[in-house]
Amino acid sequence: MSFLKKTANSFLNVISFIKNHDSMDSIDIENLEEKLLLCDVGYEITNKIIESISKNYSKNLNLNDHIKQTLKDLLDFSMNKETLNSKVLLISGVNGTGKTTFCAKLSNYMKLHNKNICLIAADTFRAAAVEQLKYWSTKNDIPCISNSNSNDPSSVIFDGLKSELSQNADLTIIDTAGRINTNTNLMNELSKIEKIIKRFTNSYDSWLSIDANLGQNSLSQIETFKKNININGVVINKMDGSSKGGIAFPIIYKYKIPITFIGTGEKNTDILPFDLNDYLNKLLYEEN
Ligand SMILES: Nc1nc2c(ncn2[C@@H]2O[C@H](COP(=O)(O)OP(=O)(O)O)[C@@H](O)[C@H]2O)c(=O)[nH]1
Ligand SMILES: [Mg+2]
């Protein structure tokens, strides 16, 4: 069963709805719009898809091909798969979106790709979060730097990046505390963290973790985080079991931020690099 099953079903609904009509004129556009919005692609992309189908409609139009091509045309700006060239990666996001799990999964993924990885557990708000990352790091045999005596994430990150473990690693992945995007203090703290990282390097990656189940709400998270720090990638976690996988499209379309990886479960190995073409194929063609 594909992790995109539920999202694919929403797209299937759109396609069978159109197929059940003899002509575009006989389709209630509001109804079609509603069905596309249920795929979580947002208003702009919904309208683009309807516009394009209306323009090209014929009885023989292959809707799967057509929707795929429309989305590709809208989104296929360079997705730069080799995004992880820098030596430091900061993971931020709202509580419970899957940050810590993602750090664990990515470190394992990179290790399997022969990279030397170091983790920094900078969620100083919850001791359990540090323990959670340490658990995974032990399991994956990857060093994890933490400081149980500090409640200042910036200082943990400073010490971590200064350490030999990090200096010798190909990539240091930093896990941070979850922050609600409306809490100004916590958001300001992110800017401070970014300044610390910049003391070591100007070439770092900063990815926002979002929860696929939140659909359109994730867009406002991106909006606020972007105001406080540079975000050059988005990770969509919990794609398995979500019917809102269409959220990937408005993120790329609206913010021109690449989706870098997706989380497809709670296990160490439930991670996939995001590839637009594969994603569209899974969504529109695969037997789910
Ligand atoms: N099904 C599923 N669960 C996930 C995924 N990623 C994380 N989780 C679960 O979501 C919960 C919160 O994850 P956590 O990494 O602690 O989130 P954080 O607060 O952002 O660090 C945990 O129970 C994880 O096991 C995923 O891709 N799929
Ligand atoms: Mg966490």
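Its first residue numbered 3, the sequence shown is counted upward by one per residue in our numbering.
Even glycine gets a Cβ: it sits at the ideal position worked out from N, Cα and C.
If you draw a straight line from the alpha carbon of residue i to that of residue j, how long is it in whole angstroms?
i	j	result
Ala171	Asn142	15 Å
Ile175	Ser245	29 Å
Gly98	Gly235	18 Å
Trp209	Asn11	29 Å
Glu288	Lys7	9 Å
Phe160	Ile199	7 Å
Leu76	Asp277	15 Å
Lys228	Leu216	18 Å
Ser193	Lys107	25 Å
Asn33	Asn62	22 Å
Leu65	Ile231	40 Å
Pro155	Ile182	16 Å
Gln218	Glu133	32 Å
Pro260	Val237	9 Å
Asn204	Asn49	39 Å
Ser220	Lys74	22 Å
Gly180	Asn58	46 Å
Glu36	Ile195	41 Å
Thr184	Glu268	28 Å
Ile47	Phe19	18 Å
Val158	Leu86	23 Å
For ligand 4, is there any heavy atom lying closer than 7 Å to the beta carbon of residue i?
i	result
Met189	As for ligand 4, it is missing from this structure, which binds only ligand 1 and ligand 2.
Which residues does DSSP pair with residue i in a beta bridge?
i	result
Leu274	Ile264
Gly235	Trp209
Cys105	Looking at the DSSP assignment, Cys105 forms no beta bridge with any residue, so it has no partner.
Ser94	Leu210
Ile147	Ile122
Leu173	Ile119
What did DSSP end up calling residue i once you bin it into helix, strand or coil?
i	result
Leu121	strand
Thr178	strand
Arg201	helix
Gly162	helix
Asn89	Residue 89 is actually Lys in this sequence, not Asn. Note: Lys89 maps to coil in three-state DSSP.
Lys228	helix
Thr184	coil
Gln223	helix
Thr99	coil
Tyr287	coil
Gln218	coil
His68	helix
Val43	coil
Ile52	helix
Can you list, in chain order, the residues of its chain whose CB lies under 6 Å from that of residue i, leaving out five sequence neighbours each side?
i	result
Gly95	Lys101, Leu210 and Ser211
Cys120	Pro145, Leu167, Ser168, Ala171 and Thr174
Pro275	Phe263
Gly162	Ile122, Ile147 and Ser168
Phe5	Met241, Asp242 and Thr266
Ser139	Leu121 and Cys146
Ile253	Val236
Ser56	Met26
Spatial neighbours of residue i within its chain, please: C-beta separation below 8 Å, excluding the five flanking residues on both sides.
i	result
Asp177	Ile93, Lys101, Thr102, Cys105, Leu121, Ile122, Ala123, Ala124, Asp125, Ala131 and Leu135
Asn283	Lys70
Ala129	Ser150
Ile224	Leu210, Ile212, Ile233, Val236, Ile253, Tyr257 and Ile259
Asp280	none
List the whole-angstrom C-beta distance separating residue i from residue j, where the pair is believed to meet the contact cut-off of C-beta under 8 Å.
i	j	result
Asn239	Asn110	That belief does not hold up - the Cβ atoms of Asn239 and Asn110 are roughly 15 Å apart, past 8 Å.
Ser60	Thr72	No, Ser60 and Thr72 are not in contact; Cβ-Cβ is about 15 Å, not under 8 Å.
Ser291	Asp272	Since the first and last residues shown for the chain are 3 and 290, residue 291 lies out of range.
Excluding the five sequence neighbours on either side, which residues of its own chain have a C-beta within less than 7 Å of the C-beta of residue i, listed in chain order?
i	result
Ala214	Ile238, Asn239, Lys240, Met241, Ser244, Lys246, Gly247 and Ile249
Val51	Residue 51 is actually Ile in this sequence, not Val. Excluding positions up to five away in sequence, the list reads Leu38, Ile69 and Thr72.
Val43	Gly248, Phe251 and Pro252
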